[in-house]
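Student:
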Amino acid sequence: MEDRQNGNTMASNGKTSVAASAYTINLENFSKRLKSFYSHWKDHKTDLWGSTDVIAVATPPASEDLRYLKSSALNIWLLGYEFPETIMVFMKKQIHFLCSQKKASLLKVSKKSSKEAVGTEVVIHVKARGDDGTAIMEEIFCAVRAQSKSDGHESPVVGHIAKEAPEGNLLETWAEKLKNSSFQLSDVTNGFSELFAVKDNNELTSMKKAAYLTASAMKNVIIPKLEKVIDEEKNVTHSSLMDDTEKAILDPARAKVKLKAENVDICYPPVFQSGGEFDLRPSASSNDENLYYDSTSVIICAIGSRYNSYCSNLARTFLIDAITVQSKAYEVLLRAHEAAINALKPGSKVSAAYQAALSVVEKDAPELVANLTKSAGTGIGLEFRESGLSLNAKNDRELKAGMVFNVSLGFQNLQAQTNNPKTQTFSLLLADTVLVNEKKPEVLTSVSSKAVKDVAYSFNEDEEEEEQQQQKSKAEANGIEPLLSKATLRSENNEMSKEEQRRQHQAELARQKNEETARRLAGDGNMTGDAHGAVRVLGDLIAYKNVNDMPPSRELMIQIDQKNEAILLPIHGSMVPFHVATVKSVNSQQDSNRSWFIRIIFNVPGTQFNPHDSNSLKYQGSIYLKEVSFRSKDSRHISEMVQQIKSLRRQVASRESAKAERATLVTQEKLQLAAGKFKSIRLPDLWIRPPFGGRGRKIPGTLEAHLNGFRYSTSRQDERVDIMYGNIKHAFFQPSEKEMITLLHFHLHNHIMVGNKKTKDVQFYVEVMDVVQTLGGGRRSANDPDEIEEEQRERERKNRFNIDFQNFVNKVNDLWGQPQFRGVDLEFDQPLRDLGFHGVPYKSSAFIVPTSSCVVELIETPFLVVTLSEIEIVNLERVELGQKSFDMAIVFKDFKKSVLRIDSIPSSSLEGIKEWLDAADIKYYESRMNLNWAPILKRITDDPQGFIDEGGWEFLNLEASDSDSENTQDSDQGYEPSDVQSDSVSEEEDDDSESLVESDEVDDDSEEDLEEEEEEGKTWEELEREASNADREKGNESDSEEERKRRKMKAFGKGRVPDRGGPSKKVKLR
């Protein structure tokens, strides 16, 4: 773990990598940290900075080896990036940079900030390619001498990092000239150690992310891998485990962590040790020996990851069939480790952590003191081991809030009395990344448990009970708690234990859910609402305010006034106006006298299908006209009037509907466009769902992230949608894997209008596949070069779109993570395809996928977005052995909402859905049939106290109902009937009921009874003949009338044929 290299490196030839091509220095951080550097230098010039007048730092070229250097740490801390082959010289009034042209172009932006922060001038010296830089170095030395003379010093004191040997021609030349100069040299390593020790908020955020990644890799990758290897008794080397773990850290998604892979790196190659050979030094490495996991063996695993170059560390020890010596040593180490962590308090000395750990060992196991490591860890940050912050017994430096430590403690080379040479010697190691806070230290890697029950495994099935009994008796005699171990993996009991754990968890969820429902029902009171009493909201239907406003009519005939939305009907010699909204339907027809009728039916408020609106409520005593008909010889005029009335009616209905929908919209804040330093984040060429209305060719648009919301717009001015951050309930990013689109989906708190559609779900997507139609019609070979090229082009297109969307999502997530967006609490969620299942939520089958907070289906419309926190319970219906599918009923906490049904889920998905629901803390039940949920919810809301008194949701508990039915059957067996006749009747009923469920196989007696019945009845030929005659006489309904008559006559003729004297029954011989 010793030779490590910082990340974020710029190439030594001056060319930046792809990730850094758009890199700019964070001037706010630069100014703040430069000011802190100069202030610290001034305040501690004598004790930490060696009374230096000038500080010179030379960063060596980039290396393939992992290594940690003070010079690299200074680059990243001050500039946010490592500048290889760069010399920095800090003076009171000047800062000199000697570097290549590319680096100089990045550094020039710091000139103004440096002047404003500490009053220093930035002088950048560009070294040409092929130049050794000697002349430039002389210029810098002249500037140093000039400052020394102005300060009255003959020989300036120049600070440098003494332990870093010069590498490369440039640094070797610089070191040689510095050594041969008249300057006094002083080591400033301690000054930089103290400067980097206390982390600011940005640094702590990076360290917390790194620690979370490390702990998640241990929990979600390493431990399951070890358990699988041991359970299946595989031979796996330590080095192969190291490689797999390194890949998992570099791909955070494998550890179920949402971090950008380009910001992540390892601190050191992961370390796996077992089989009696252990090394607890930081420089330890994994060998090529197989992982040893036989009885009484010990496995040590240590991993470390970096985020934005900030380190974290974690180490765990796993015990396999531990004996008393091993379990006791681990318990002592665990208590000592906790004591060291708790001793990290501001104001205390650094040595207090080791002293606290040592005290625990001396008290509980004095024989182990000699095996205790000589240090309890080191400071950690940009360097894996910060010099000067070692947690040993002699370090008297003061602890400060903001310091971060790798608290690492272990026992080396302990002895166990076993017959196996690979388990006679064992070591133990624990390490966590810990932040020093004002009140209590915070363990940043706490996601990975180190409790005994989570690291001790038992595999000796035959001796397990005896061993546990011995351990328990010895532990009780010594006054300590017995060792708890994980359940045996290589036994059938493991699966039973998982099912039992899930059952116990569900029982606890049932209790909590019933209590929660009881509190909510008691608090909300009557939750029912009268849906039938809704009043339609329409504008005042006034065609004309005054009689004089009516258009003059030359003749008495039906007229349409488009401007005032009125129909003028001639009634008793006068033109009577009706607003078109009062018309329910209109149609025309022709009578036998070749006259045309037009029939107009009006809405009559208060009837079953026409509820009262605001106008009818005003005039409740009015008499309404129900319908009116007119006759005319002019068919063209009648047809024209019908079409005009229908068209005008549609326009008014559409306008009123849009107005009613807009009236319920919540007023949103105004979008603040990005300007100045804040540049909008753009994603072009997207389609939107629901689409904008209107005719014409649909065109794609661009999605932009602004200060307080998104804006989607096309080249058309009227096609624009604003989505405020505060209105977003859930944001999803779903890359294209097996689908044809890559999408961003926003589920909103309140409805917005997209065109003329009111919606809570807005989606932006791009089609990743070209729609190609083969015109030739022939089959193409799988080895066809054109086919292969086309598939490759499609893959590249899909990957390009996925990367573009991912970059947009990452930038928006970073934006939402800034302090001004703390109240938003948003982050793009990504569906977990591994947990997905097929089902029918609406009318068609779809692939439904859970996320961390929802269950969604974002491909087919209508979209499905269900927030897990809004779910009351889930009932899995039609769950029975032999069924190919089952249904899922989702009951919401708001009982006014209808139950959501997802039908036809394959039975193969049942166990996966149960595990997902249980992991999400959602109570689920199972039933053998579909339930009618409307009356169930109505009963709950009508009588909440009765629902609570009857046990809440436990009426859905299938196991409870089965036990009740068994009890009922037992009680029925004790019942003796008092009537013999009823007994025989019951037996006949039993026989009948049994025949409904048994197979087609019958016994010999039943066959004889059937044969006797066949003798007494008609033969099959006679029954078939009668049926065919009846069909002919009846005739087919689809045949014509003539065909039916013809068949009747034919049947009648056959009926008169005399009997041939044949037997009416077929005699059956026995």
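The opening residue of the sequence shown carries number 4 in my numbering; numbering runs sequentially from there.
From the three backbone atoms N, C-alpha and C, an ideal C-beta is built for every residue, glycine too.
#1: Throw me the rounded Cβ distance for the Val765 and Val771 pair, which I believe falls under 8 Å.
#2: Could you check whether Leu347 and Val439 sit closer than 9 Å to each other, using their CB atoms as the reference points?
#3: Whose CA, out of Glu742, Glu206, Leu861 and Lys662, lies closest to the CA of Gly405?
#4: Counting only the same chain and skipping the five closest in sequence on each side, list residues whose C-beta sits under 6 Å from that of Val655.
#5: In the DSSP output, which residue or residues are listed as bridge partners for Tyr313?
#6: Could you pull the start and end residues of the beta strand (DSSP E) that Cys270 belongs to?
#7: Rounded to a whole number of angstroms, what is the C-alpha to C-alpha distance between Ser289 and Asn517?
#8: So is Cys145 buried or exposed if we call it buried at 16+ other beta carbons inside 10 Å?
#9: Inspect the beta-carbon positions of Thr448 and Phe408 and report whether they are closer than 9 Å.
#10: Within 10 angstroms of its Cβ, does Leu283 collect 16 or more other Cβ (buried), or is it exposed?
#11: Just grab the DSSP bridge partners of Ile164 for me.
#12: Looking only at C-alpha atoms, which of Pro444, Phe605, Val589 and Gln104 sits nearest to Ala356?
#13: Can you confirm whether the region 676 to 690 touches the region 799 to 815 when touching is taken to mean that 3 or more C-beta pairs between the two stretches lie within less than 8 Å?
#14: Closest to Pro1076 by CA distance: which of Ser362, Asp268, Leu173 and Thr705 is it?
#15: Quick check on the burial criterion: 16 or more other C-beta atoms within 10 angstroms. Buried or exposed for Lys366?
#16: In this structure, how does DSSP classify Asp1042 when only helix, strand and coil are distinguished?
#17: Roughly how many angstroms lie between the CA atoms of Glu1014 and Ala1030, to the nearest whole one?
#18: Report buried or exposed for Glu969, applying the criterion of at least 16 other Cβ atoms within 10 angstroms of its Cβ.
#19: Using DSSP bridges, identify the partner residues of Trp599.
#20: If you follow the beta strand (DSSP E) that Ala61 is in, where does it begin and where does it stop?
#21: Measuring CB to CB, does Thr327 end up less than 9 Å from Ile951?
#22: Taking contact to mean 3 or more Cβ pairs, one atom from each stretch, closer than 8 Å, check whether the region 103 to 110 and the region 57 to 64 are in contact.
#23: By alpha-carbon positions, which one of Ile876, Val232 and Ser219 ends up nearest to Leu253?
#24: Which one or two residues does DSSP pair with Leu431 in a beta bridge?
#25: If you pair each beta-carbon of the region 67 to 85 with each one of the region 41 to 50, do three or more pairs fall below 8 Å?
#26: Our contact map puts Leu229 next to Ile303 with C-beta atoms below 8 Å; I'd like the distance itself, whole angstroms only.
#27: Report, in whole angstroms, the separation of the C-beta atoms of Val450 and Lys222, which I expect to be a contact under 8 Å.
#28: So for Pro424, helix, strand or coil by DSSP?
#29: Quickly, what does DSSP pair Asp725 with across the bridge? List them, please.
#30: For Arg1079, which residues from the same chain have a beta carbon less than 7 Å from its beta carbon, with the 5 sequence-adjacent residues on both sides left out?
#31: Which two residues bound the contiguous alpha helix (DSSP H) that contains Phe898?
#32: Anyone know if the C-beta pair for Glu672 and Asn711 falls short of 9 Å?
#33: Of all the options Arg714, Ser117, Ala546 and Asp807, which has the alpha carbon lying nearest to the alpha carbon of Leu746?
#34: Considering only their Cβ atoms, is the gap separating Lys760 from Gly696 smaller than 9 Å?
#35: Enumerate in chain order the residues of its own chain whose CB-to-CB distance from Lys801 is below 6 Å, with the five nearest sequence positions on each side excluded.
#36: Using the Cα positions of Val92 and Leu37, report the straight-line distance between them to the nearest angstrom.
Tutor: Put simply:
#1: Contact doesn't hold; Cβ gap of about 20 Å is too wide.
#2: Judged by their CB atoms, Val439 and Leu347 are nearer to each other than the 9 Å cut-off.
#3: It is Glu206 whose Cα lies nearest to the Cα of Gly405.
#4: Only residues of its own chain outside the window of five on either side were considered, and among them Glu568, Val583 and Ala584 have a CB closer than 6 Å to the CB of Val655, listed in chain order.
#5: DSSP lists Tyr310 as the beta-bridge partner residues of Tyr313.
#6: First-last for Cys270: undefined, no H or E at that position.
#7: Pairing Ser289 with Asn517, the inter-Cα distance amounts to about 52 Å.
#8: Answer is exposed; the Cβ neighbour count stays below 16.
#9: Result no, Cβ atoms of Thr448 and Phe408 do not sit closer than 9 Å.
#10: Buried, because 16 or more other Cβ atoms sit within 10 Å of the Cβ of Leu283.
#11: The partner list for Ile164 (beta bridge, DSSP) is empty, contrary to what the question assumes.
#12: Residue Pro444 holds the alpha-carbon nearest to the alpha-carbon of Ala356 among Pro444, Phe605, Val589 and Gln104.
#13: Enough Cβ pairs lie closer than 8 Å, so yes.
#14: Outside the displayed range of the chain (4 to 1073) lies residue 1076, so it cannot be described from this structure.
#15: By the C-beta density criterion, Lys366 is exposed, having fewer than 16 other C-beta atoms within 10 angstroms.
#16: Per-residue confidence for Asp1042 stands at a pLDDT of 49, beneath the threshold of 50, marking its modelled position as unreliable; no derived number is given.
#17: Below a pLDDT of 50, predicted positions are generally treated as unreliable, and Glu1014, at 43, falls in that range; the measurement from the model is reported next regardless. Taking the straight line from one Cα to the other gives about 22 Å.
#18: Note that Glu969 has pLDDT 47, beneath the 50 cutoff, so the model's placement of it is unreliable and the number below is only indicative. With fewer than 16 other Cβ atoms within 10 Å, it is exposed.
#19: Paired residue(s): Gln593 and Ser635.
#20: Taken as a continuous stretch (DSSP letters only), the beta strand (DSSP E) holding Ala61 covers Val57 to Thr62.
#21: No Cβ-Cβ contact shorter than 9 Å links Thr327 with Ile951.
#22: No, the region 103 to 110 is not in contact with the region 57 to 64.
#23: Cα-wise, what sits closest to Leu253 is Ser219.
#24: DSSP, once it has assigned bridges, lists Phe414 as partnering Leu431.
#25: The region 67 to 85 makes no contact with the region 41 to 50: fewer than 3 CB pairs, one atom from each, lie closer than 8 Å.
#26: The Cβ separation is near 11 Å, so there is no contact.
#27: Right, their Cβ atoms sit about 6 Å apart.
#28: Under the three-state reduction of DSSP output, Pro424 falls in the helix class.
#29: Answer is Arg714.
#30: Not covered by the structure: residue 1079. The range shown for the chain is 4 to 1073.
#31: In the DSSP assignment, Phe898 falls outside any alpha helix (DSSP H) and carries neither an H nor an E.
#32: Yes, the Cβ-Cβ distance between Glu672 and Asn711 is below 9 Å.
#33: Comparing Cα positions, the closest option is Asp807.
#34: Closer than 9 Å, so yes.
#35: Taken in chain order, the residues that qualify are Ser739 and Val771.
#36: Taking the straight line from one Cα to the other gives about 13 Å.
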